[in-house]
Amino acid sequence: MKTKKISDQKIIKLLNIDSKTLKRFQQIQKQTIAEAKRMARRKSKIKVLGISGSARGLFDMAQQDANSESLLMTCLDQCRKLGAKTEIIKLREHRIEHCRACYSTVNTQCHFYCTCYPKGTPQADDMSNILYDKVLSADAIIFATPVNNFNVSTLMKTFIDRCISLDGSLPPVNRRAPKDKELNIKHMKFIELTADIDIPGSGMFRRFLGKVAGIITVGHEAGASLAIANMFLTLNHYGMLFPPFSNMYAMSSICNSTYQDKEIVLNECYTTEAKLLAENVVSAAKSIRKMNRTDWKYDNREN
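For reference, each letter of the sequence shown is one residue, going 0 to 302 in numbering that gives the first Met the number 0.
Spelled out as structure tokens, the structure:
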């Protein structure tokens, strides 16, 4: 859907802005179009990123390795055997602040990079300084989480919430006052007037676009399907692709004592399933290289 070309003078009048502000809007648009073109380039080797949302560690309070993380390691090992480059991120080892939900007030107040915790500043956390770039470099991401109270772990939820900065966000118009509500509203109106669905980066830019997703959940009893459904809906709306059989849940039973869980959820049935998940994720990542990640369509005039 092509957007009708509007003159600069008409935009200035419609938005009640000066030419300097318009040039800044246009600069961000050109910058993001260039980013979209870079994202479309194929890399020589597929990279699979594993995200472990477990708070459990052998040398911490639990004094036991995480079951979900063990299955994730099995999955990533299989990805390497299939020729992919892999990396694991253990969220418990990083400082990740909570999302402040400025996205809900004015769309473009949620920026890339996150301006609540600006990258490279004393206010920044590991999400801004390290993890956003890790996500951007990946072709596929496998999320592993225990089931906590019928849902994903707190660590995983916080991580996914903070990933909103990668989903349709743009650089701030005013770097010194990124939360200028009036200016951000005008920037959003500029996007609505000028973005072209057929030009990636010309509007709101989804940086998860075309990345392949996998999900591993582990629990003692009910809740795995709720955790998977929660992640699937969010990640699919972020723009991620789910090949067939790219999620799994390893479950024990309320009829067993929890000390029996590890032997049950790490048995051959579930380790085999983790390896098959790896096969499907890597196969999908290879298959979609026939098209650019930015070829997937969404309405970039809104967020």
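Backbone N, C-alpha and C define an ideal beta-carbon position, used for all residues, glycine too.
Around the beta-carbon of Phe158, 16 or more other beta-carbon atoms lie within 10 Å, marking it buried. Pro243 and Arg23 have their C-alpha atoms roughly 43 angstroms apart. Between Asp166 and Asn173, the gap from beta carbon to beta carbon reaches 9 angstroms or more.
Only exposed fits Ser252, as fewer than 16 other CB atoms lie within 10 angstroms of its CB. Here the alpha carbons of Lys9 and Gln77 stand approximately 56 angstroms from one another. Judged by pairs of C-beta atoms under 8 angstroms, the segment 284–299 touches the segment 34–48, as three or more such pairs exist. Secondary structure in the segment 171–239: the alpha helix (DSSP H) runs of 4 residues or longer, each lying completely within the stretch, are 180–193, 223–237 in chain order. Note on geometry: alpha-carbon atoms of Phe189 and Lys89 lie some 39 angstroms from one another. Residue pairing of Phe111 in beta bridges, as defined by DSSP: absent, with no partner found. Look at Lys84 here: in three-state DSSP terms it is strand. In the structure shown, the three-state DSSP call for Thr271 is helix.
The way I'd put it, the segment 266–273 doesn't touch the segment 201–210; fewer than three beta-carbon pairs between them come closer than 8 angstroms.
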